[in-house]
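There are 2 protein chains.
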Amino acid sequence: MALLLFLFLATTLTISQGSDQETIPHKVHLLRPQSGAGGDHVPGLSCLSWRLGVETNNVVGWITVPEECEDYVGHYMLGHQYRKDSRVVANQAILYAQSLSLARDGKDVWLFDIDETALSNLPYFAQHGFGVEPYNPTLFKKWVMEGQAPALPESLTLYKKLLSLGTKVVFLTGRPEDQRTVTVNNLRKAGYHTWEKLILKGSSYSGKKALVYKSSERKKLEESGYRIIGNMGDQWSDLLGTNVGNRTFKLPDPMYYIS
Amino acid sequence: MALLLFLFLATTLTISQGSDQETIPHKVHLLRPQSGAGGDHVPGLSCLSWRLGVETNNVVGWITVPEECEDYVGHYMLGHQYRKDSRVVANQAILYAQSLSLARDGKDVWLFDIDETALSNLPYFAQHGFGVEPYNPTLFKKWVMEGQAPALPESLTLYKKLLSLGTKVVFLTGRPEDQRTVTVNNLRKAGYHTWEKLILKGSSYSGKKALVYKSSERKKLEESGYRIIGNMGDQWSDLLGTNVGNRTFKLPDPMYYIS
Chain A
1 MALLLFLFLA TTLTISQGSD QETIPHKVHL LRPQSGAGGD HVPGLSCLSW RLGVETNNVV
61 GWITVPEECE DYVGHYMLGH QYRKDSRVVA NQAILYAQSL SLARDGKDVW LFDIDETALS
121 NLPYFAQHGF GVEPYNPTLF KKWVMEGQAP ALPESLTLYK KLLSLGTKVV FLTGRPEDQR
181 TVTVNNLRKA GYHTWEKLIL KGSSYSGKKA LVYKSSERKK LEESGYRIIG NMGDQWSDLL
241 GTNVGNRTFK LPDPMYYIS
Chain B
260 MALLLFLFLA TTLTISQGSD QETIPHKVHL LRPQSGAGGD HVPGLSCLSW RLGVETNNVV
320 GWITVPEECE DYVGHYMLGH QYRKDSRVVA NQAILYAQSL SLARDGKDVW LFDIDETALS
380 NLPYFAQHGF GVEPYNPTLF KKWVMEGQAP ALPESLTLYK KLLSLGTKVV FLTGRPEDQR
440 TVTVNNLRKA GYHTWEKLIL KGSSYSGKKA LVYKSSERKK LEESGYRIIG NMGDQWSDLL
500 GTNVGNRTFK LPDPMYYIS
């Protein structure tokens with residue numbers, strides 16, 4: 001873990017150097033752990049099995065990453081496997097998008113969630129135990145308000161491909177409405193320069209679960225004539241419920257669970 | 260691969276010795292591959308990422324396992340990781356079932372798929388490239404008609420726990436109606452001694468997709484007063500569609516995909 005922290009500090013410095021520039025380097029994991037993640041032996045609980053359980057929505061409603069899996073999740077997120085896993089998802093999405101015959105009437109939209117989908121908060125979570133620490137809304141908000149989250153490169157690649165295919169993009173995020181400005185600026189800095197809509201969680205959804213809020217907003221989209229041809233998120237609450245779209249794509253996220 | 264085949268033959272002999280007995284040993288993987296699966300480095304395509312993509316329903320509609328992943332999938336299925344992954348799913352299901360306050364009016368049912376859920380066809384697939392060979396309906400039917408498929412031990416553990424909690428079990432399988440007798444006998448031999456219903460695919464569903472057939476049969480169950488409190492399968496077509504139940508559980512299966 002010491003090595004990980006050391007490397008992380010080095011990364012933070014690297015990222016900070018770019019913070020005054022217009023764009024954020026597309027690097028969510030400059031770190032290189034000593035050993036490969038994705039199959040490390042963990043005595044007792046199999047963290048690999050736990051992660052698969054999370055990704056398949058078998059392990060639900062958990063509050064924090066199991067303590068014994070901190071190193072495992074850290075290595076996974078900072079190593080090659082997270083990016084490889086994300087690449088397979090994005091590649092499947094690209095193949096699917098290319099296979100469609102779109103009407104090109106401006107009504108085909110692709111939904112992206114923001115956190116751990118369009119943008120990566122890995123620089124934050126690397127400083128907070130990769131999900132082992134209980135969620136701290138104050139510190140996380142502070143990080144969000146810096147507006148320095150890099151793109152998840154695989155999502156940005158998909159985004160650019162979708163635009164080239166004539167698809168419009170809608171961002172649908174659980175971030176609250178009062179983070180609109182910083183979110184707009186962060187998306188632009190990270191390389192997302194255009195979108196049809198950016199939907200943030202309005203106060204009327206206060207206390208409502210993400211699944212309810214996102215289903216309701218997707219329904220509104222469809223009722224106003226949009227066709228949701230694809231829907232990508234890191235949480236199952238992005239992808240389940242109603243009006244989920246023609247096909248959904250689940251990006252990995254073993255760091256937190258949102259109902 | 261040669262070692263795998265040699266070990267497999269040894270297993271086949273072991274399993275055969277028990278074939279005249281009333282029960283089938285609960286062993287789906289006597290084999291011990293040389294190296295652990297779940298994280299082996301595969302040049303080019305990451306088979307681990309491909310498998311995660313399959314399990315999360317990002318990689319859909321595939322016909323065969325990618326050729327370069329035969330060894331990977333074989334090691335995974337015959338090694339510890341498949342069983343560990345299955346155990347996490349079954350344990351989550353047990354925790355969930357224990358958390359429920361059941362009416363005990365005989366209307367609470369738990370759905371199990373059969374192939375790669377209640378029963379394991381691993382002895383067959385180990386002889387047929389673990390899904391690399393295209394599906395051969397003649398040979399697979401021959402294997403099914405032998406009625407010698409062992410239980411997936413984790414599913415059998417869950418089954419017994421559910422019965423002890425007062426839950427009734429319904430098997431809902433894509434096997435055709437004319438395999439009822441062999442399926443009844445195989446389930447009993449493997450350790451499943453009682454159930455509320457065993458639903459096989461009737462001729463009226465001929466040509467219909469599994470998702471349509473299973474949704475329709477689940478709807479009938481609910482319309483006749485049953486409450487589907489849990490639903491476990493190895494295919495997303497067991498778990499998506501309508502009337503899916505209060506909670507679903509996805510067992511691993513990187514060997515084939517059923518729409």
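Those sequence lines, one after another, are chains A and B. When we follow our numbering, the leftmost residue of the first sequence carries the number 1, and every step to the right adds one. When we follow our numbering, the leftmost residue of the second sequence carries the number 260, and every step to the right adds one. For every residue, glycine included, the Cβ atom is placed at its ideal position computed from N, Cα and C.
Indicate the three-state DSSP secondary structure (helix, strand or coil) for residue 486(B) in the structure shown.
strand
Tell me, please, whether the CB atom of residue 136(A) is closer than 8 Å to any CB atom in chain B?
no
At a CB-CB cut-off below 8 Å, which residues of chain A make contact with residue 508(B)?
58
Sequence-distant residues of its chain with Cβ nearer than 6 Å to residue 373(B) (five each side left out):
430 and 432
Less than 8 Å between CB atoms is the rule here; does residue 253(A) satisfy it with respect to chain B?
Not closer than 8 Å to any Cβ of chain B, the Cβ of residue 253(A) fails to qualify, so no.
Taking the runs of the beta strand (DSSP E) that are 3 residues or longer, which of them lie wholly in the segment 160-229 of chain A?
168-176 and 197-201
Whose C-beta lies closer than 6 Å to the C-beta of residue 256(A) among residues of the same chain, with five residues either side of it excluded?
Within the same chain, 131 come within 6 Å of residue 256(A) by CB-CB distance, once the 5 residues on both sides are set aside.
Skipping 5 residues on each side, what residues in its chain have a beta carbon closer than 8 Å to that of residue 175(A)?
114, 115, 144, 183, 200 and 201
Contact residues within the segment 315-340 of chain B, judged by C-beta distance below 9 Å to chain A
315, 316, 317, 318, 319, 339 and 340
Counting only C-beta atoms, is residue 50(A) closer than 8 Å to chain B at any point?
yes
Would you mind sorting residue 261(B) into buried or exposed? The rule is 16 or more other CB atoms within 10 Å of its CB.
Note that residue 261(B) scores 47 on pLDDT, short of 50, meaning its location in the model is unreliable and no value can be drawn from it.
Under DSSP, the beta strand (DSSP E) around residue 249(A) begins and ends at which residues?
248-250
Identify every residue that forms a DSSP beta bridge with residue 491(B).
371(B) and 508(B)
Please determine, among 323(B), 401(B) and 475(B), the residue with the shortest C-alpha to C-alpha distance to residue 499(B).
475(B)
Report yes or no: is there a C-beta of chain A within less than 8 Å of the C-beta of residue 460(B)?
no
DSSP beta-bridge partners for residue 119(A)?
Residue 119(A) pairs with 115(A) and 151(A).
Would you mind telling me which residues of chain B sit closer than 8 Å to residue 84(A), beta carbon to beta carbon, in chain order?
The contacting residues are 305, 307 and 308.
How many angstroms separate the CA atom of residue 48(A) from the CA atom of residue 481(B)?
Rounded to the nearest angstrom, the two C-alpha atoms are 36 Å apart.
Check the Cβ of residue 351(B) against every Cβ in chain A and list those closer than 9 Å, keeping chain order.
The contacting residues are 53, 58, 59 and 60.
Residue 107(A): first and last residue of the uninterrupted alpha helix (DSSP H) it sits in
Per DSSP, residue 107(A) belongs to no alpha helix (DSSP H) and is neither H nor E.
Contact with chain A by residue 348(B), beta-carbon distance below 8 Å:
yes
Can you tell me whether residue 258(A) is buried or exposed, with buried defined as 16 or more other CB within 10 angstroms of its CB?
buried
Which residue comes first and which comes last in the alpha helix (DSSP H) that contains residue 340(B)?
339-358
Does the distance from the C-beta atom of residue 344(B) to that of residue 52(A) stay below 8 Å?
Here residue 344(B) is near residue 52(A), since their CB atoms are less than 8 Å apart.
Quick one: Cα of residue 83(A) to Cα of residue 478(B), how far?
40 Å
For residue 119(A) versus residue 166(A), is the C-beta distance shorter than 8 Å?
no
For residue 240(A), which of helix, strand or coil comes out of DSSP?
In this structure, residue 240(A) counts as coil in the three-state DSSP scheme.
Helix, strand or coil for residue 33(A)? Go by DSSP, reduced to three states.
Low confidence applies here, because residue 33(A) scores a pLDDT of 39, under 50, leaving its location unreliable; read the following figure in that light. Residue state, collapsed to three classes: coil.
Cβ neighbours of residue 180(A) in the same chain (closer than 8 Å, five flanking residues each side left out):
198 and 200
For residue 405(B) and residue 420(B), the rounded distance between their alpha carbons:
Whole-angstrom Cα-Cα distance: 28 Å.
Residue 45(A) (DSSP reduced to helix, strand or coil):
coil
Chain-order list of residues whose beta-carbon lies under 6 Å from that of residue 388(B) (same chain, five-residue window excluded):
329
In whole angstroms, what separates the C-alpha of residue 134(A) from that of residue 68(A)?
15 Å
Among the candidates 226(A), 148(A) and 243(A), whose CA atom is the shortest distance from the CA of residue 106(A)?
226(A)
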